[in-house]
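Visitor: Structure in structure tokens, see below.
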Amino acid sequence: MSGPGLEVTAKAQLGQTELDVSVRVEAGRCLALAGPSGAGKTSVLRAVAGLLRPHEGVVRCGDEVWLDTATGVSRAPDRRRVGYLFQNYALFPHLRGWQNVAYPLRGQKRKERRAHAVELLERFGVGHLADVRPGTYSGGESQRVALARTLARDPMVLLLDEPLSALDARTRASAGRTLKTTLGESDVPTLVVTHDFNEAALLGDEIAVIDHGHILQHGTASALAAAPASTFVADFTGAVVLAGIASPGPDGLTAVDIGDGVTVLSTAQGAGDVGASVYPWEIALVPVDAPVTGSAQNRLEGRVVSSTTIANRLRVTVDAGQPVTAEVTDPGAQAVDLAVGKPIALTWKASATRLIER
Amino acid sequence: MRHRLARAGARLFPVALIVAVAVALVFLALPVIAIFTDVSPKELIDSLDDDTTVDALKLSLQTTLTALVIILVIGTPVAWALATRRFRGKQILETIIELPLVMPPAVAGIGLLAALGPKGILGPLFDSLDVQLVFQTAGVVVALTFVASPFYLRQAQAAFSTVDRSLLEASRTLGASEARTFGRVACPVAFPSLLSGAALAWGRALGEFGATLVFAGSFQGVTQTAPLAIYAQFGTNFPGALALAAVLVCFSIAILGGVKLLGRLQPT
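As you go down the protein sequences, you meet chains A and B in turn. The C-terminal residue of the first sequence carries number 358 in this note's numbering, and the numbering is unbroken. The C-terminal residue of the second sequence carries number 1268 in this note's numbering, and the numbering is unbroken.
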């Protein structure tokens, strides 16, 4: 590891929620704090930046102690060298692009500050905004100028609060790539807050799923998807979670009774109240009258509730007693009628069914 | 029957609205128009040559602008503190600050006498410092400041509390102290609102009468501001009083117009 890492422990009362988290991020790494809104993700960033004071906690960046409630240390926000990217970007409306970026630069001549700011703006492809005030920026432009400003102070830590949520869907993809590249070049620890699992998977080297102020699970995106520790995490990663009761089934498999006499098979072991989770892209759609073929031991029948095309995939929601969402590439869907209300069968392998204790 | 009545009422309502608006408009505009039509423009301009009139206008400008500077310099940080801090007794403090808004000006004048007059609470202190306020120009400034400051304070506090908090927080995380954030972000962003607050306070100060009369008296060239001069003149020199009134109306219109214009310039 090249530079200093970041260590955060914070306990704070946030309205009804008690925030109690502890995370550590090494230099050059990015930890995504993911969870629903109101989970306390942003409060972690605010505690690091000094905008929120936990009643108990430690914030340490390398050798510098920014907060230690035990010894009464609490540095003012302006004395913590953080790069905080706000959710609405918080560009100063009365300052031109370069003045926004140059805001944190002190003790230099105006000419040098401008040159430095313009250089940063150009690095993000928005050099043409140097003399323009933020009022007319597009969402993507605002994000780039704000990112340039965040880096101008040469921060020891990067804190990104929902960096892509203010953007429209088309801008989001390119802005996401810009951000990913920037993070790749960065050698400081980064915390990124997001409510979107895919965004967390894109930006974070690791993901910590937060809900109700607590970290539920911490790991890489694929680890979380492969072995979600709770139904909440499974649901959050985008998996379909079917609630049911597990008991030993045929061939060493586990059978999960999900009601109405329907059983789902899993290669995983489990008993009692469980959630059977399966990812939408592991589910195939077949006509109800098609002969049963292949190794997919699981089969549910239901009616189509909705189908939406997202990029090159088709997302189909089926009411099979419990709602189930399948994601198929277009060719796979051609053989079946996906009109709303049409009967349809869903199939997937027992090995794709994960079991989570409830 | 009831149905027909209701329909008639529905038809009459727009008419009633028009009548109400017309009555309000005539009632409020007529005195203003009369000031300019009752006396010929030539007479108006001639009477501006009068010593009393010129002295009163000069004094009004001088005292109101001095009061305005005091209000801005002290009031702006106070408004910032009220907008950004939560503390015990804040509501009481806010009420005290707003009190001059509803206090009869004559009562304000008496209160100022009781506090700052020769026999007032701080009288001995001012005496030992050889400071005289009563019947002095400085006393006019004190009265104006007292009466007009709430107009600015209220507006400025509202202006600061509507500044997007994330802008202030961004400034802090970008290495700026609270003082620098106040000067470089909060004030510029709130500037149009602050300016309109200042204009309101200035308008109130220009029209101040009661508190000034009671606390500072009405001496030409020393404490006789334009409203006091109008009162002093209207028995003996009605055209002169009208001329002064016309000038004040022009000021008021300019201030009001300025406030409205600034309201439109408000950044989103």
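C-beta atoms are modelled at their ideal positions from N, C-alpha and C, and glycine is treated no differently.
What alpha helix (DSSP H) runs, 4 residues minimum, are completely inside the segment 1151 to 1190 of chain B?
Guide: DSSP runs (the alpha helix (DSSP H)) wholly in the segment 1151 to 1190 of chain B: 1165 to 1173 and 1178 to 1181.
Visitor: According to the neighbour-count rule (16 or more other Cβ atoms, all chains shown, within 10 Å of its Cβ), is D273(A) buried or exposed?
Guide: With fewer than 16 Cβ atoms within 10 Å of its Cβ, D273(A) is classed as exposed.
Visitor: Let me confirm a value: S222(A) is counted as buried when at least 16 other C-beta atoms fall within 10 Å, else exposed. Which label applies?
Guide: Result: exposed.
Visitor: Say whether chain A places a C-beta atom closer than 7 Å to the C-beta of P1188(B).
Guide: It does; some Cβ of chain A falls within 7 Å.
Visitor: Residues of chain B with CB under 8 Å from D90(A), in chain order?
Guide: The amino acid at residue 90(A) is misidentified as Asp; the sequence shows Ala. Neighbours of A90(A) on chain B, chain order: D1164, S1166, L1167, E1169 and A1170.
Visitor: In three-state DSSP terms, what is D1038(B)?
Guide: Three-state result, D1038(B): coil.
Visitor: Tell whether a beta-carbon distance below 7 Å holds between R41(A) and V188(A).
Guide: In the sequence under discussion, the amino acid at residue 41(A) is Lys, which differs from the Arg named in the question. Contact: no.
Visitor: Let me see if you follow: with CB-CB separation under 7 Å, is D78(A) close to chain B or not?
Guide: Chain B, which has a Cβ nearer than 7 Å to the Cβ of D78(A), makes this yes.
Visitor: Examine chain A for any beta-carbon lying closer than 7 Å to the beta-carbon of L1262(B), and answer yes or no.
Guide: Output row for L1262(B): interface = no.
Visitor: When you compare the CB of H195(A) with every CB in chain B, is at least one pair closer than 7 Å?
Guide: For H195(A), the answer is no, since every Cβ of chain B falls outside 7 Å of its Cβ.
Visitor: Would you please verify whether the beta carbon of G1123(B) is less than 7 Å from any beta carbon of chain A?
Guide: Not one chain A Cβ lies under 7 Å of G1123(B).
Visitor: I'd like the list of long-range same chain contacts for T237(A), defined as Cβ closer than 7 Å, with 5 residues on each side in sequence excluded.
Guide: For T237(A), where only same-chain residues beyond five positions count, the Cβ hits under 7 Å are F197, L224, A225 and P228.
Visitor: Could I get the ranges of all uninterrupted beta strand (DSSP E) runs contained in the segment 1046 to 1095 of chain B, with 3 residues as the minimum, in chain order?
Guide: The qualifying runs do not exist here; there are none.
Visitor: How big is the Cα-Cα spacing for R60(A) and T1181(B)?
Guide: So the alpha carbons of these two residues sit roughly 25 Å apart.
Visitor: Quick check on V82(A) - is its C-beta less than 7 Å from some C-beta in chain B?
Guide: With 7 Å as the cut-off, V82(A) counts as an interface residue toward chain B.
Visitor: Tell me whether the beta-carbon of V126(A) lies closer than 7 Å to the beta-carbon of R144(A).
Guide: Yes. Within cutoff.
Visitor: State the Cα-Cα distance for the pair A1148(B) and I1074(B), rounded to the nearest angstrom.
Guide: When rounded, the distance between both Cα atoms is 13 Å.
Visitor: Which residues mark the beginning and the end of the beta strand (DSSP E) in which S22(A) is found?
Guide: S22(A) -> beta strand (DSSP E) spans T17 to V25.
Visitor: So, with DSSP's three-state summary, where would you put I1121(B)?
Guide: Coil, per DSSP.
Visitor: If you follow the alpha helix (DSSP H) that V233(A) is in, where does it begin and where does it stop?
Guide: T231 to F236 is the extent of the alpha helix (DSSP H) around V233(A).
Visitor: Which chain A residues sit within Cβ distance under 8 Å of S1196(B)?
Guide: Going along chain A, no residue has its Cβ under 8 Å from S1196(B), so there is no contact; the nearest lies around 16 Å.
Visitor: At the 7 Å Cβ level, is Y362(A) part of the contact set with chain B, yes or no?
Guide: Outside the shown range of chain A (1 to 358) lies residue 362(A), about which nothing can therefore be said.
Visitor: If we define contact as Cβ-Cβ less than 7 Å, is H212(A) a contact residue for chain B?
Guide: Not closer than 7 Å to any Cβ of chain B, the Cβ of H212(A) fails to qualify, so no.
Visitor: I1084(B) CB to nearest chain A CB: under 7 Å?
Guide: Per the sequence presented here, residue 1084(B) reads as Thr, with Ile not at that position. It does not; no Cβ of chain A falls within 7 Å.
Visitor: In chain A, which residues lie less than 7 Å from A1176(B) when you measure between Cβ atoms?
Guide: Correct list: D78.
Visitor: DSSP beta-bridge partners for D68(A)?
Guide: DSSP output for D68(A) lists V58(A) and V73(A) as bridge partner(s).
Visitor: Taking Cβ positions, are P1239(B) and S1060(B) nearer each other than 7 Å?
Guide: Cβ atoms of P1239(B) and S1060(B): not closer than 7 Å.
Visitor: Please compile the residues from chain A whose C-beta is within a distance smaller than 7 Å of the C-beta of V1269(B).
Guide: The question about residue 1269(B) has no answer, for chain B in this structure spans 1001 to 1268.
Visitor: May I have the straight-line CA-CA distance separating T190(A) from R1184(B), to the nearest angstrom?
Guide: The straight-line gap from Cα to Cα measures roughly 28 Å.
Visitor: If you measure between the beta carbons of L14(A) and S37(A), is that distance less than 7 Å?
Guide: No.
Visitor: From A1241(B) to D1050(B), what distance separates their C-alpha atoms?
Guide: Their backbone Cα atoms lie some 11 Å apart in a straight line.
Visitor: If you run the structure through DSSP and keep just helix, strand and coil, what is N88(A)?
Guide: In the structure shown, N88(A) sits in coil (DSSP, three-state: anything other than H, G, I, E or B).
Visitor: When the cut-off is 7 Å and only beta carbons count, does R153(A) lie next to chain B?
Guide: Interface residue, yes.
Visitor: Where does L338(A) sit, in a helix, a strand or coil, going by DSSP?
Guide: Residue state, collapsed to three classes: coil.
Visitor: Using a Cβ-Cβ cut-off of less than 8 Å, give me the residues of the segment 220 to 249 of chain A that come near chain B, in sequence order.
Guide: The segment 220 to 249 of chain A vs chain B, Cβ under 8 Å: nothing.
Visitor: Output, in chain order, the set of chain B residues within a Cβ distance shorter than 9 Å of A166(A).
Guide: Chain B residues near A166(A): none, gap ~12 Å exceeds 9 Å.
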